[in-house]
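Worksheet for the structure shown next.
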Amino acid sequence: MTLRFHNTLTRTVQDFEPAEEGHVRMYTCGPTVYERAHIGNFRAFAWEDLLRRYLKWRGYRVTQVMNLTDVDDRTIQAAIDRGVSLEQVTAPVTETFFEDWETLGLEPVEHNPRATGHVPQMIDLVRRLEEGGFTYEKDGSVYFAIDRFPGYGRLANIDPEALRVGGRVEGDENYPKENPRDFVLWKGGARGDEGDVAVWGSPWGPGRPGWHLECSAMAMEYLGETLDIHTGGVDNIFPHHVNEIAQSEAATGKPFSRWWLHAEHLLSEGEKMSKSVGNFYTIESLVDRGHRPSAIRYLLLSAHYRTQLNFTLEGLKDADRAVGRLFEFRRRLAETPSTDDPGVDAPDLEGLANSWRESFTEALDDDLNASDGLGATFTMVREANLALDSAATASTAGLEALEAALGDFDAVFGVLSLRDGEETSGSAELEEWVVQRIAARAAARAGRDFGRADAIRDELLDRGVALEDGPSGTRWKLVSKAD
RNA sequence: GGCGUCGUGGCCGAGUGGCUAGGCAGGGGCCUGCAAAGCCCCCUACUCCGGUUCGAAUCCGGACGACGCCUCCA
679 MTLRFHNTLT RTVQDFEPAE EGHVRMYTCG PTVYERAHIG NFRAFAWEDL
729 LRRYLKWRGY RVTQVMNLTD VDDRTIQAAI DRGVSLEQVT APVTETFFED
779 WETLGLEPVE HNPRATGHVP QMIDLVRRLE EGGFTYEKDG SVYFAIDRFP
829 GYGRLANIDP EALRVGGRVE GDENYPKENP RDFVLWKGGA RGDEGDVAVW
879 GSPWGPGRPG WHLECSAMAM EYLGETLDIH TGGVDNIFPH HVNEIAQSEA
929 ATGKPFSRWW LHAEHLLSEG EKMSKSVGNF YTIESLVDRG HRPSAIRYLL
979 LSAHYRTQLN FTLEGLKDAD RAVGRLFEFR RRLAETPSTD DPGVDAPDLE
1029 GLANSWRESF TEALDDDLNA SDGLGATFTM VREANLALDS AATASTAGLE
1079 ALEAALGDFD AVFGVLSLRD GEETSGSAEL EEWVVQRIAA RAAARAGRDF
1129 GRADAIRDEL LDRGVALEDG PSGTRWKLVS KAD
């Protein structure tokens, strides 16, 4: 089968081919850095990371751009409220954003342009639009006239005539538009309330760029005039992406992006996340409560990206167990004695690995069906466990094939590599103490003093250390602190 | 009002016109000094009402319910 994605432009699943063979140019709508991002935001970023990793695993070179919106109404308001500069608002938030990014094991993308660093490019774009006759100016602001762009709203399946005029638009007297459906490219004119928090010079006088403008300008700066894939959350479809298309295609006369992929929202405890309901989480708050990042990442990726996913703390616990199962399996592979004796490998481990790869590829090729891919992986784990139960040793080639399969799985899902870091104690003292207690317990068991042995095991468990007795002795692991 | 998505077993979540998703939880067993880990077995569902069909949870129609967007929220 071929790789295919759901394209919001056509509302159908289409075979995917980048314009340039073997090279995917991808743009991702990034965060507005006015306050710390929450897990809902990270559902989209985690999925985009899965998409990126899968494309790479399929052999494509990926050039991805994710912008940082560091100037908009909210960042400006925050700066005014606190009496600080825009930079003083956005710099710390940007820093925590990338901390969370790293916590979740998201790969760095090729470019993270800031809006404030690309104002000249944005002004250029507005000038092109002006020359093309798509704009009008009023009181130092420049607007895009949507009725001069045929096909406006196609992405969102919106009929421009039917667009309701909301009270919010009428209420913004700072930007009087000819047509309430038009959008601002350049916000100029007198904005006494904003002071000089965010002001750039332009051919139309001092002002600042509109939100939609920045993505088009930065995407074209780094990726050219036509992208292969543009991603974002469903809430961005209208008006943001509709407007990006309008201003980009009006300027260039070329399709702006060949595929538009949109992630559904994350629900929290059954309803939309909000601070008032108290179901609002950040990555940091979850980690502080003892949840493992690998579990958070797994949960965010476990449902198909085009379905609403219900995030619950119980679900997070389930996810933690599921990752643990994969982790245990990989550990078992590493501990299974291997042999090069060709007669030994009665269970066909290489066959299991191969059929996994086939199922996994089929699942992910189908519009990134992550749940199906996970299902295939767990099926391989169960069958391989069963095969290993029936033999004391396994062939080197078979074990290597399974390990390679898990490596491939993790190149895409990235949960085992996160768990690796979480399993180490990080404390030499703890480790030394654990080893001592295990030795003491072994002595008690040898003397058949099981009461004492169990007491030691409980003592370790209180410290978050679980023991497992196996043929080759006792091993230990850290348990989740979350519950 | 307009546009759109969705209703699957205790929970979470794939999928398909007839053939086991998967994870977690629960019950029984094997293993273990007892556990843990692992394996086996069980619990086997598709909101409701019509229709199409040899056969529908899967297609069509309707009802009910949930959710999202409708100018700057991933």
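Residues are numbered in the numbering used here as their position in the first sequence, beginning at 1, plus a constant of 678.
Every residue, glycine too, gets a C-beta built ideally from N, C-alpha and C.
In this text the structure is predicted, and so the values were computed from the model without any measurement.
What are the boundary residues of the alpha helix (DSSP H) that residue i is part of?
i	result
residue 1111	1106-1124
residue 966	961-966
residue 652	With the chain covering only 679 through 1161, there is no way to say anything about residue 652.
residue 920	920-930
residue 812	Residue 812 -> no alpha helix (DSSP H), and no H or E assigned at all.
residue 1039	1027-1043
residue 995	991-1013
Between the C-alpha atoms of residue i and residue j, what's the straight-line distance to the nearest angstrom?
i	j	result
residue 709	residue 990	23 Å
residue 755	residue 865	15 Å
residue 846	residue 819	A caution first: residue 846 carries a pLDDT of 38, below 50, which makes its placement in the model unreliable, though a value can still be read off. Cα to Cα, the separation comes out at about 18 Å.
residue 802	residue 902	15 Å
residue 1095	residue 1042	20 Å
residue 1133	residue 762	58 Å
residue 812	residue 836	20 Å
residue 898	residue 720	25 Å
residue 921	residue 705	15 Å
residue 1123	residue 1149	15 Å
residue 824	residue 974	42 Å
residue 1087	residue 1055	8 Å
residue 743	residue 1072	45 Å
residue 896	residue 745	7 Å
residue 1166	residue 916	As shown, the chain starts at 679 and ends at 1161. That puts residue 1166 outside it, with no answer to give.
residue 716	residue 1018	50 Å
residue 925	residue 828	12 Å
residue 930	residue 861	19 Å
residue 1114	residue 1089	37 Å
residue 771	residue 687	33 Å
residue 904	residue 784	26 Å
residue 948	residue 885	42 Å
residue 880	residue 856	22 Å
residue 906	residue 1106	49 Å
residue 764	residue 697	38 Å
residue 1079	residue 935	39 Å
residue 960	residue 1074	44 Å
residue 1076	residue 978	32 Å
My understanding is that residue i touches residue j, with C-beta atoms under 8 Å, so please give their C-beta distance in whole angstroms.
i	j	result
residue 767	residue 712	7 Å
residue 971	residue 781	5 Å
residue 682	residue 1044	7 Å
residue 738	residue 789	Wrong, their Cβ atoms sit about 17 Å apart, outside the cutoff.
residue 969	residue 938	Contact flag wrong, Cβ pair sits at about 33 Å.
residue 1003	residue 1093	Their Cβ separation, rounded to whole angstroms, is 11 Å, which puts residue 1003 and residue 1093 out of contact at 8 Å.
Excluding the five sequence neighbours on either side, which residues of its own chain have a C-beta within less than 6 Å of the C-beta of residue i, listed in chain order?
i	result
residue 946	957 and 989
residue 941	722, 725, 911 and 983
residue 848	Bear in mind that the predicted position of residue 848 carries a pLDDT of just 42, short of 50, making it too unreliable to give a figure here.
residue 1061	1030
residue 943	986
residue 908	705, 935 and 938
residue 1081	1011
residue 1120	none
residue 773	none
Taking 7 Å as the cut-off, is the C-beta of residue i nearer than that to any heavy atom in the ligand MG?
i	result
residue 917	Because no ligand of any kind appears in the structure shown, any question about the ligand MG cannot be addressed here.
Return the first residue and the last residue of the beta strand (DSSP E) that residue i is part of.
i	result
residue 1144	1143-1148
residue 1134	Here residue 1134 belongs to no beta strand (DSSP E); instead the alpha helix (DSSP H) covers 1128-1140.
residue 941	935-941
residue 911	905-911
residue 972	Careful: residue 972 lies outside any beta strand (DSSP E), inside the alpha helix (DSSP H) at 971-979.
residue 833	It is not in any beta strand (DSSP E) - residue 833 carries neither H nor E in the DSSP assignment.
residue 958	That residue, residue 958, is in no beta strand (DSSP E); it is neither H nor E in DSSP.
residue 985	No beta strand (DSSP E) holds residue 985; DSSP gives it neither H nor E.
residue 693	690-693
residue 861	861-866
residue 685	682-685
residue 701	701-706
In chain order, what residues of the same chain have a beta carbon less than 8 Å from the beta carbon of residue i, not counting five sequence neighbours either side?
i	result
residue 747	708, 709, 710, 711, 753, 793, 889 and 892
residue 843	For residue 843, the pLDDT reaches just 45, beneath the cut-off of 50, and the residue's location in the model is therefore unreliable, leaving the point undetermined.
residue 1010	1063 and 1066
Using a Cβ-Cβ cut-off of 7 Å (strictly less than) and excluding sequence neighbours within five positions of residue i, which residues of its own chain qualify?
i	result
residue 1156	1101, 1103, 1142 and 1143
residue 653	No answer is possible for residue 653: the residues shown for the chain start at 679 and end at 1161.
residue 1083	1031, 1034, 1035 and 1058
residue 678	For residue 678 there is no data in the structure shown, the boundaries of the chain being 679 and 1161.
**Asked** In the stretch 724-772, which residue ranges form an unbroken beta strand (DSSP E) of at least 3 residues, counting only runs that do not cross its ends?
**Response** List check, beta strand (DSSP E) in window: 739-744.
**Segments assigned beta strand (DSSP E), at least 3 residues, entirely inside the stretch 1034-1100** = Note on the stretch 1034-1100: there is no whole beta strand (DSSP E) run with a minimum of 3 residues.
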